[in-house]
Amino acid sequence: MDNYLDYNVEEYSIQDKSARSAVIMGIVSLVAWLIPLVGLPLSLASLILGLNSLNSKRKDLARASISLGMIGLFLTIAYSIFMVYTVTSGLLFELENIIY
């Protein structure tokens, strides 16, 4: 009856789980950059969790999350700067007149 407890389970540390979570946040941040209030925290969280999980067994996920977080952070900041420029310069209203 005790044989069913003798299976081999790989132990995951908290850093391994944070590496997986960081990759998920990085992937979501690649879509969420269109809404800077959502994209910025997700990108930063992915970047920070990826840096913290570099010492885990899942170094590949940690590196991927750092890359995804940096790309998401760049896209979020670039889009925010572009939107501030278009609104403050009046370019948005000129584009609206051209379209309509």
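Residue 7 is where the sequence shown starts when you use the numbering used here, and the numbers rise one by one after that.
Heads up, the beta-carbon is just placed ideally off N, CA and C, and yes, glycines get one too.
The model shown is predicted, which means the values in this text are computed figures rather than measured ones.
Leu55, buried or exposed, once every other Cβ within 10 Å from all chains shown has been counted against 16: For the purposes of this step, residue 55 is taken as residue 49 along the sequence shown, with counting starting at 1. The residue in question, Leu55, is buried, as its Cβ has 16 or more Cβ neighbours within 10 Å.
Close-in-space but distant-in-sequence residues of the same chain around Ala28 (CB under 6 Å, 5 per side omitted): What you label residue 28 is simply residue 22 of the sequence shown in a count that begins at 1. For Ala28, where only same-chain residues beyond five positions count, the Cβ hits under 6 Å are Ser52, Leu55, Gly56, Ser71.
Cβ neighbour criterion (16 or more within 10 Å) applied to Ser49: The count along the sequence shown starts at 1 and reaches residue 49 at position 43. Under this definition Ser49 is a buried residue.
Straight-line gap, Gly96 to Ala38 (C-alpha atoms, nearest Å): Walking along the sequence shown from the start, residue 96 turns up at place 90. Walking along the sequence shown from the start, residue 38 turns up at place 32. Straight-line spacing of the CA atoms in Gly96 and Ala38 works out to 25 Å.
Neighbourhood of Arg64 by C-beta distance below 6 Å, restricted to the same chain and skipping five residues each side: Position 58 of the sequence shown, counted from the start, is the residue given in the question as residue 64. Apart from the 5 residues on each side of it in sequence, Arg64 sits with its Cβ closer than 6 Å to the Cβ of Asp22, Ala25 in its chain, given in chain order.
Assigned exposure category for Met7 - 16 Cβ within 10 Å defines buried: Here residue 7 is taken as the residue at index 1 of the sequence shown, counted from 1. Any reading at Met7 must be qualified, since the residue scores a pLDDT of 49, below 50, and its modelled position is unreliable; no value is offered.
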